[in-house]
Structures are given as C-alpha cells and as structure tokens.
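Notes follow once the structure below has been shown.
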Amino acid sequence: MTHAQPLVEVWRGGRLESCHAGHAVIWGEGGVVESWGNPDAIIFPRSSCKMIQALPLLESGAADAAGLTDRQLALACASHQGAALHVEATGRWLAGLGLGESDLRCGAHEPYDRDERNRLIRADEAPCQLHNNCSGKHCGFVTWTKHMKAGPEYVDPDHPLQRAIRQATEEVCGETVAGFGIDGCSAPNFATSLAGLARAMQAFAAAQDSGDARARAMVRLRNAMATHPEMVAGEGRACTELMRAMGGRVAIKTGAEAVFVAMIPDRKLGLALKIADGGTRAAEAAVVALLVRLGALDAAHPMAQKRLPAVQRNWRGLETGELRLAAGFA
C-alpha cells in the first residue's frame, strides 16, 4: 500500500464519525517485520528523534566531560511540560556549565504544566526559555558546543553540531536525509522515511554495553529515558505514563504532528508511526495498539485503557462514543 491506511476511528451513535489514517512500521533484526500504509513515506520525525540528536553529545565525550547524569540525559531527549522540576533541572544544568538561559536558542513559550503556568501568572512573570519543552535538548546542544569550542549559533543548519546530527541521522536510519525543516525550537529537523526511523529505533533497542561507542551511547540514552520517564514528558503525558506502565523495559517518544517511536530491547524491535492528519489522540491510540500487539504493554493497564479503547464522554459524563482501531490495523 502506497497511501496512508486507516488506523484509528471515532464512533458516535453507532456510526463512524471520524477516521485517522497513517503509516506504521515495526523493524526487527532482519528488516521490516510488519507495516501499515507506506513504509517509505517521508516524514519529519520532529521530537521523536531527540535521542538521535543526542548521540553527538555522548559520542564526542561532551556528556562525560560535563559529568551529565542519566536524569540529565533523559532531559536531553525530552519534550517536557515546563514543570518546576524541568525548569529547575535545566537551570542547574546551565549553571554547571557556566552558562545561562540566554545562551539557549529555543525561544520561550508558556509552560504546559498548569501549576507552573499559574505560578507565573500569580507572580506576574513571563515564561523564559527554560519553560520551552525542548530546553533539555538545547542544554545538550550547548554542552556539546562548549566542549567542542564551536560557535554559539548552534541551530544554524551549517553549524558543526547540526552537521554531526545530520551525519548521525543518516547513519542510524540507513539513508540519506530528504532535506530538513525548521522545528518549533528553531533547530533543523531532518526528514527521513518512516522505515528509516523505525530502523534507527531498532538499532537503539538492540544496542548493548559491550558494543562500540555508538552502541554504548544508544544504551545510555535508551535506559535514561526508560528510567526517568518524568523527565521525558511529565505528569498526565503519554510518554511518561506508558513508560511507567511498562516498568522501564521500553523507551518511547512522541513528536509533534502525531509521530511516535518505541525501542523494545527485550525483542530487539523498533517501531515508528505517523498519523497523516497530525492527530495526537490517534497517535497515542496507535502506539498503544502496537505495544500491546508486541507484548510490551498490558492492554488492561489503566494507562493503556486511558488511550485505547478510549470511551468518549461529554461534559456531563455521558458516554457519547468510542475511539477504536480500524479494521486491518494491529
């Protein structure tokens, strides 16, 4: 199939109301295990590729030179809520480098965390770049930049850091990137096929400490995410809740416009999916379906049930419909 395939549906009153189509790939040691839609579809992985973007941080020796902890490595792969723990952690990270918030290039936005947002309102304070959901990734970027004595404009596509990230992306995806777009945090985001992204996740899943420098870097990043899920996203978020539900055995990461990836070390499998219309509710339901299919997630776990099958209710609590998998998917 060359086109997006129906993956998730919304039903109301016994009728199909909406349908989310997309692509999904499961990659194993021998290549594609299963796929839906078009495995060769070119996508922007958005924040789902942050562990790839963090590879130069470890491979260069910058992470060890700065004494980064696993909690900080998880933050380097995060799309966080801008909660107090995230803001404090990024602030301490920069201070330890002798740098400050102004050295970041991600821009500021209102935190997604309600408590922190309300604190800012009560204090009549504006959000800063530490609240940006990508500030942990950018802390990793400036750590690399300082270690390598590179220039401060590290989001420039021609900056040595971005050239290193592009090279790492092509190597782990096994393909030449199809150009780039500028992400919400101002960094280049390199376009890949969905199959290439799944292949990269399989490499992370299969990596072992006994391997080469890249394999060891992959293990550290994968384990950091799975061990510190609160740093990767935040309370109420799918990445955090589902990694907790899987007991630290699997690392997962979402990206804007409904991309999701997973690394499953027990089975040496990687997966990647993209919902064509960018719908987050469908991406979360689809990744739950695939994780259940692969035996990584208990379908009866409350965090799985929260997303699939997801009963739709109105403001009075009345059941109005249901989110379901489309026929032929998972």
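Counted from 1, the sequence shown has number 82 at position 82 by full-length UniProt numbering; the numbering is strictly sequential.
Every residue gets a Cβ at the ideal spot worked out from N, C-alpha and C, and that includes glycine.
Keep in mind it's a predicted model, so treat the numbers as computed, not measured.
Check                                                                                              : Outcome
CB contact flag (Ala245, Phe260, <9 Å)                                                             : no
Among Gly184, Glu34, Ser47, Arg105, nearest to Arg199 - alpha-carbon criterion                     : Glu34
Alpha carbon of Ala178 to alpha carbon of Glu125, nearest angstrom                                 : 41 Å
CA-to-CA distance, Leu57 to Ala164, given in whole angstroms                                       : 10 Å
Supposed close pair Ala191, Ile43 - CB separation, criterion 8 Å                                   : 7 Å
Element boundaries [alpha helix (DSSP H), containing Ala283]                                       : 280-293
Stretch-stretch touch, CB-based, cutoff 8 Å, three pairs: the segment 46-65 with the segment 83-93 : no
Per-residue DSSP class, three states only, for Gly136                                              : helix
Beta-carbon gap between His20 and Arg281 smaller than 9 Å                                          : yes
Rounded distance between the beta-carbons of Glu171 and Gly196, thought under 8 Å                  : With 8 Å as the limit, Gly196 and Glu171 do not qualify as a contact, their Cβ atoms being about 11 Å apart.
Leu318 to Gly13 span [Cα, whole Å]                                                                 : 12 Å
Distance, Leu323 Cα to Ala74 Cα                                                                    : 31 Å
Rounded separation between Cys49 and Phe204 - CA only                                              : 11 Å
Cβ separation of Ala207 and Ala213, assumed to be a contact under 8 Å, to the nearest whole Å      : Not really, about 11 Å apart at Cβ, beyond 8 Å.
Length of the line joining the Cα atoms of Glu153 and His159                                       : 7 Å
Contact under 9 Å by Cβ, Arg71 with His228                                                         : yes
Under 9 Å between C-beta atoms of Leu325 and Leu7                                                  : yes
For Ala256, the residue or residues it bridges with in DSSP                                        : Partner(s): none; Ala256 has no beta bridge.
Own chain residues within Cβ distance below 6 Å of Val155, not counting five before or after       : Arg105, Ser186, Ala187
Straight-line gap, Ala233 to Lys149 (C-alpha atoms, nearest Å)                                     : 30 Å
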